[in-house]
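This report refers to the structure that appears directly beneath it.
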Amino acid sequence: MKLLLVGSGGREHALAWAISASPLCDALYCAPGNAGIAQVADCVPVAAEDVDGLVRFARETAIDFVIVGPEAPLVAGLVDALDEAGIKAFGPRKAAAALEGSKGFMKDFCVRHNIPTAAYGRFTDIAKAKEFVARQGAPIVVKADGLAAGKGVVVAMTEDEALAAIDMMMGDKAFGAAGAELVIEEFMQGEEASFFALADGETAIPFGDAQDHKRVGDGDTGPNTGGMGAYSPAPIVDKAMAERVMAEIIRPTVAGMKAEGMPFTGVLYAGLMITATGPRLIEYNARFGDPECQVLMMRLKSDIMPALLATADRQLSHFDLRWSDKPALCVVMASQGYPGGYEKGTEIRGLDTLPQADDLVVFHAGTVRDGEGRLLASGGRVLGVTALGETLAAAQEKAYAAIDGINWPKGFCRRDIGWRALK
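Note that the sequence shown covers residues 1 to 423 in UniProt numbering.
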């Protein structure tokens, strides 16, 4: 098959790495890709949000199947446009992608279908949002309704922090139109986990679990980021908990979306809070996580392509997947200053001197090569150093040993990825 992968981050490099190993892959293109993806795919200069350009490229290149990585093109209706052009794709249509595209929609959907989640309010008026905070007190969580690249959430431990978050999102328009509406919800106590399921509109099957590290600093300190590292599996999601998540959250979602006339096909990524009374949904994403995708691809023993095709073809009811029992751990290396302002174009050396091994892969998230062939950082999150080990401690040791061999003075990483499980 001729395949097109849409996106340019670490998630897409992990997917490209897995897809390129499939016997079903005759040719793999990636739009727009990055310097790491270029090692396993032909990168084409079409932006991930350029719906018309992507459809035109897929048509002109006679692409058989498109895999959409990021959320923005899904919410913009890329799968709808490909479908209208007669091109098969992996990912939800625009209406179903609203599970991620609008936190307010997702919360209201949960209420309609009795899916456990935090109590909340929706606001388009600053004064009313602040009144709600005054009534509820802190801690409390303030979220931009729309897409904000993983940064539109403030966990406010005081009322003043919550009020400042409201001013920042709605008053200062820090996230543009994404903050025109806010969701403000109760603070849930428990341990967070990421749970993934493939859904074909009717059937859903588990696709692994992980734990992410959202905050920028060691010990989960500092501002939220798009993710500074992850490991899989998540010890808190044992077999019994996984079945509860499927029964109480995933299956009711798939059934509810079908009943409301917008069947969900693709990957459902449930951000969970595992509380004393069971799993509760924090939010849904309509695509693989980043950096969770990196650790999932390292652990997946099955060929990924039949799974993606079975999802798109609505054939998951008799599908099964094989996973490595070994844990995987990913450490994100980011540009100094991230998630605030950072310098682009800084040189990264040393990747070619790392040991070549199946259990260690450096996934690229924000890299380019210049005219002289030098590897340069082009984003906030830049590399995802990912290792598989007999134990989580062994995977962690392997990942940090590789990081110590990378020469990038303008980069940094957390040194405690996996701390919760290892503790």
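Ideal Cβ placement from N, Cα and C applies to all residues, glycine included. Fair warning: this is a prediction, and the values are worked out from it, not measured in the lab.
The region 230-245 makes contact with the region 190-199: 3 or more CB pairs, one atom from each, lie closer than 8 Å. For residue 293, the uninterrupted alpha helix (DSSP H) segment begins and ends at 292-299. Between residue 90 and the set 198, 335, 419 and 399, the nearest pair of CA atoms involves 198.
The residue from 56, 205, 321 and 229 with its alpha-carbon nearest to that of residue 264 is 205.
For residue 403, the CB contacts under 7 Å within the same chain, skipping 5 residues up- and downstream, are 331, 333, 385 and 413 in chain order.
Under a 10 Å Cβ-count criterion, residue 285 is classified as buried, with 16 or more other Cβ atoms of the shown protein chains found around its own Cβ.
Per DSSP, the unbroken alpha helix (DSSP H) holding residue 251 starts and ends at 251-259. In the DSSP assignment, residue 88 falls within the beta strand (DSSP E) that extends over 88-90. Its Cα nearest to that of residue 142, the residue 122 stands out among 409, 149 and 122. Just so you know, the alpha carbons of residue 136 and residue 217 end up roughly 29 Å apart. Note that the C-beta distance between residue 397 and residue 326 is not below 9 Å.
Residue 226 is positioned such that its CB atom lies closer than 9 Å to that of residue 149. Excluding the 5 residues flanking it on each side, residue 162 has same chain C-beta neighbours closer than 7 Å at 133, 138, 140, 142 and 156, in chain order. As for any beta strand (DSSP E) of minimum length 3 sitting wholly inside the region 61-125, the runs are 65-68, 88-90 and 120-123, ordered along the chain.
Within the region 262-336, the runs of beta strand (DSSP E) at least 3 residues long that lie entirely inside it are, in chain order, 265-275, 278-285 and 328-335. CA-to-CA, the gap between residue 175 and residue 283 works out to about 18 Å. Between residue 322 and residue 278, the beta carbon gap of about 28 Å keeps them out of contact (Cβ cut-off 8 Å). When C-beta atoms of the region 79-87 are compared with those of the region 51-71, three or more pairs fall below 8 Å, so the two segments count as touching.
In this structure, residue 165 lies away from residue 368, with their beta-carbon atoms at least 9 Å apart. For residue 364, the closest alpha carbon among the candidates 309, 338, 291 and 230 is that of 291.
For the pair residue 382 and residue 17, the CB atoms are not nearer than the 9 Å cut-off.
Assignment of beta-bridge partners to residue 38 by DSSP yields no partner.
The alpha-carbon of residue 359 is positioned some 8 Å away from that of residue 298.
Assigned with DSSP and collapsed to three states, residue 205 falls in strand.
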